[in-house]
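A.B. asks: Each residue of the sequence shown is one higher than the one before, counting from 1 in UniProt numbering. Built from N, CA and C at the ideal position, the CB exists for glycine as well. Just so it is clear, the structure is predicted and the values come from calculations on it, not from any experiment.
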Amino acid sequence: MSTIPRAAALALRLAQVAFATIVAGIVGYYIHVLGSEGDGWPIGRWIFVEALAGLSIMLGCVLMIPNLFGWFVWPIDIIISLAWFAAFGNLINALDGTLCGQISDIGSFSGTGADCAQWQAGESFAFLSGIAWLVTGFWGLFYVWRADQQRLGYWTGRYAV
Numbered sequence: 001m002s003t004i005p006r007a008a009a010l011a012l013r014l015a016q017v018a019f020a021t022i023v024a025g026i027v028g029y030y031i032h033v034l035g036s037e038g039d040g041w042p043i044g045r046w047i048f049v050e051a052l053a054g055l056s057i058m059l060g061c062v063l064m065i066p067n068l069f070g071w072f073v074w075p076i077d078i079i080i081s082l083a084w085f086a087a088f089g090n091l092i093n094a095l096d097g098t099l100c101g102q103i104s105d106i107g108s109f110s111g112t113g114a115d116c117a118q119w120q121a122g123e124s125f126a127f128l129s130g131i132a133w134l135v136t137g138f139w140g141l142f143y144v145w146r147a148d149q150q151r152l153g154y155w156t157g158r159y160a161v
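(1) For C61, which residues of its own chain have a beta-carbon under 7 Å away from its beta-carbon, when the five flanking residues on both sides are left out?
(2) Looking at C-alpha atoms only, which residue of V73, L91, D115, A117 is the closest neighbour of V144?
(3) Tell me which residues share the same chain as W84 and place their Cβ nearer than 8 Å to its Cβ, disregarding the 5 neighbours each side in the sequence.
(4) Quick check: is the beta carbon of G60 nearer than 8 Å to any beta carbon in chain C?
(5) Identify the continuous alpha helix (DSSP H) that holds residue 163 and give its terminal residues.
(6) Are there 16 or more other CB atoms within 10 angstroms of the CB of residue 189, so buried, or fewer, so exposed?
(7) Taking Cβ positions, are I78 and L59 nearer each other than 8 Å?
(8) So, L82 versus G122, is the Cβ gap smaller than 8 Å?
(9) Going by beta carbon distance, what residues of the same chain come within less than 6 Å of A15, once the five residues before and after it are set aside?
(10) My assumption, with CB atoms under 8 Å, is that W46 sits in contact with Y30. Please give the rounded CB distance.
(11) Within 10 angstroms of the Cβ of L63, are there 16 or more other Cβ atoms? Answer buried if so, exposed if not.
(12) Nearest CA to the CA of W119: which residue from I76, H32, T136, V23?
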């Protein structure tokens, strides 16, 4: 692999870690602020997002090491991407029936003084994280497919008489 794809792969992994860190900070703040307000179901969903952000930070840092795993971790990338899209859905669903439910509303979240724009930023970075993981997954799948095609041509061409 040449220098440009390696640099792009490193930039994508850095973006994955950065997006997960931002989401972890924002959702962690809301768990702290709104955690003692009764219903445990939304908090459980947010804990899923926090756990996913922590896993993404850890995996993103480990997978940044060059030549450690190569491009053969594409199934992990796609699974984490699907989990991020589920987390994005959880964050969107958390606003259902609140004052922050509309995209143009940047007022207070549930009357606590917490800013709706921060929550919407967390949603946006969750979506971006899902996209970044999906891109690395399909990119890894492409490299595996390309290596398979090159190897297939090598073996069948070698024994042709």
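C.D. replies: Taking the coordinates as given:
(1) Counted from its first residue, the sequence shown places residue 61 at position 61. These residues qualify, in order along the chain: V17.
(2) As a position in the sequence shown, residue 144 is number 144, starting the count at 1. Considering only alpha carbons, the answer is V73.
(3) Residue mapping note: residue 84 aligns to position 84 of the sequence shown, counting from 1. Counting only Cβ-Cβ distances below 8 Å, and skipping sequence neighbours, we find L52, S56, A126, F127, S129, G130, W133.
(4) The structure shown contains no chain C; it holds only a single protein chain.
(5) Residue 163 falls outside the range modelled here, since the chain spans only 1 to 161, and no answer is possible.
(6) No statement about residue 189 is possible, as the shown extent of the chain runs from 1 to 161 and does not include it.
(7) Translated into the one-based positions of the sequence shown, residue 78 becomes position 78. Translated into the one-based positions of the sequence shown, residue 59 becomes position 59. For I78 and L59, no; Cβs fall outside 8 Å.
(8) In the sequence shown, the residue the question calls residue 82 occupies position 82. In the sequence shown, the residue the question calls residue 122 occupies position 122. No. Outside cutoff.
(9) Position 15 of the sequence shown holds residue 15. The answer, listed in chain order, is A132.
(10) The sequence position of residue 46 within the sequence shown is 46, counting from 1. The sequence position of residue 30 within the sequence shown is 30, counting from 1. That belief holds up - the Cβ atoms of W46 and Y30 are roughly 7 Å apart, short of 8 Å.
(11) Residue mapping note: residue 63 aligns to position 63 of the sequence shown, counting from 1. Per the 10 Å Cβ criterion, buried.
(12) Stepping through the sequence shown from its first residue, residue 119 is reached at position 119. Minimum Cα distance to W119 is reached at V23.
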